[in-house]
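Heads up, the thing below is written out as structure tokens.
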Amino acid sequence: MKANSTLWTRLTERYLLVIRNEDNFAEKTSFNFTYAKLLVITTASLIVLFLASIFVSNFLVTKWLNPPTKEAQTTRRLIELSATVDSLQNAIMARDEYLLRIQKTIQGDNEFLKAGSQDTSDVSTKKTKPPVKPADLKATNPVDAEFRNEFESASKAQTAAETGSVNTDMFLFSPLRGAIISDKFNPKNNHWGVDLVSKKGEPIHAVLNGTVILASWTQDSGNIIAIQHSNQLISIYKHNSSLLKKVGDFVKAGESVAILGNSGELTSGPHLHFELWSKGNPVNPEDFIAF
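Per the UniProt record's numbering, residue 1 is the first one in the sequence shown, and the count goes up by one each step.
Written out as structure tokens, the structure is:
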């Protein structure tokens, strides 16, 4: 008990630390302390330094200087960027394929049009109904054969119109004001739009808001422009004398996009050949626009 009391007395005994000027022994400052207070302050300082060293070694140094950690972060970032690039590539490929189909259709690729018509036919009907043999065709009455051809052509046109239906809630502007229809929509003759006749030099207007996806010249159709609208709707304007917009331009409904002309080989006078395509299928513009 005496030893303990002596140790406690030493720890709690108060001391005075005086700082004096060496030349004149003038007192500058003084501090009151005990060994117990010094022990507590020293212990707390060591604990703070220990925790700080652990934090620096485990977090800051590892994050900044440890190569495996940096490599892992870089690898994770590369994986994320790779996934993003893959998704963008798939989207670009789908868009390019879609635009290629539209461009082939605009340029009058008959083989492509025939293939597209076959794609829109009913697959289940093909499976359940066997193809007609050539012998059956020869044995058929000519009147019945003609009637069947007309019926099949009408069915194909109806199927194309159904698969390429346009949202009737949308209001479509007339591409050429005050025009006269000289040739109507006729899929049997591969005439996928309507011909509108008016004075040469008249402005041609966009039927809806959209983005120009094609603005070029072809031998058959001359100066041609195509506009992508919402809901997979595309409007096409052919035989123009000049184009007022370029690819990538955004146009508003009713805005002038071209000038009426007589360019291209498949034309017999100043007119506009106007086509309307919905979801990759041609539709009759007269069903949706009051010319």
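C-beta atoms are modelled at their ideal positions from N, C-alpha and C, and glycine is treated no differently.
Quiz item: Nearest CA to the CA of residue 239: which residue from 204, 284 and 232?
Solution: 204
Quiz item: Looking at the unbroken beta strand (DSSP E) that takes in residue 49, where does it start and where does it end?
Solution: Here residue 49 belongs to no beta strand (DSSP E); instead the alpha helix (DSSP H) covers 35–55.
Quiz item: Over what stretch of residues does the beta strand (DSSP E) that includes residue 235 continue unbroken?
Solution: 233–243
Quiz item: When the Cα of residue 250 is compared with those of 232, 270, 281 and 227, which residue comes out closest?
Solution: 227
Quiz item: Smallest Cα separation from residue 266: which of 275, 230, 221 and 289?
Solution: 221
Quiz item: What three-state label does DSSP hand residue 177 in the structure shown?
Solution: coil
Quiz item: Under three-state DSSP, which class holds residue 249?
Solution: coil
Quiz item: If you count every other CB in all the chains shown that lies within 10 Å of the CB of residue 215, and 16 or more means buried, which is it?
Solution: buried
Quiz prompt | Whether residue 257 touches residue 206 by CB criterion (8 Å) | solution = yes
Quiz item: Is it true that the CB of residue 185 sits closer than 8 Å to the CB of residue 178?
Solution: no
Quiz prompt | Rounded separation between residue 199 and residue 175 - CA only | solution = 14 Å
Quiz item: Apart from the five residues on each side of it in sequence, which residues of its chain come closer than 6 Å, Cβ to Cβ, to residue 11?
Solution: 35 and 36
Quiz item: Can you give the beta carbon distance from residue 248 to residue 211, rounded, assuming they're within the 8 Å contact cut?
Solution: 7 Å
Self-check item: Three-state secondary structure (DSSP) of residue 129
Solution: Confidence is the limiting factor: at residue 129 the pLDDT is only 43, short of 50, which leaves the residue's position unreliable, though a coordinate-based value still follows. It is coil, neither helix nor strand.
Quiz item: Between residue 254 and residue 173, which are expected to be in contact by the criterion C-beta below 8 Å, what is the C-beta distance as a whole number of angstroms?
Solution: 5 Å
Quiz item: Candidates 92, 236 and 78: which alpha carbon is nearest residue 274's?
Solution: 236
Quiz item: Are the beta-carbon atoms belonging to residue 245 and residue 259 less than 8 Å from one another?
Solution: no
Quiz item: Under a three-way DSSP split, which group does residue 211 fall into?
Solution: strand
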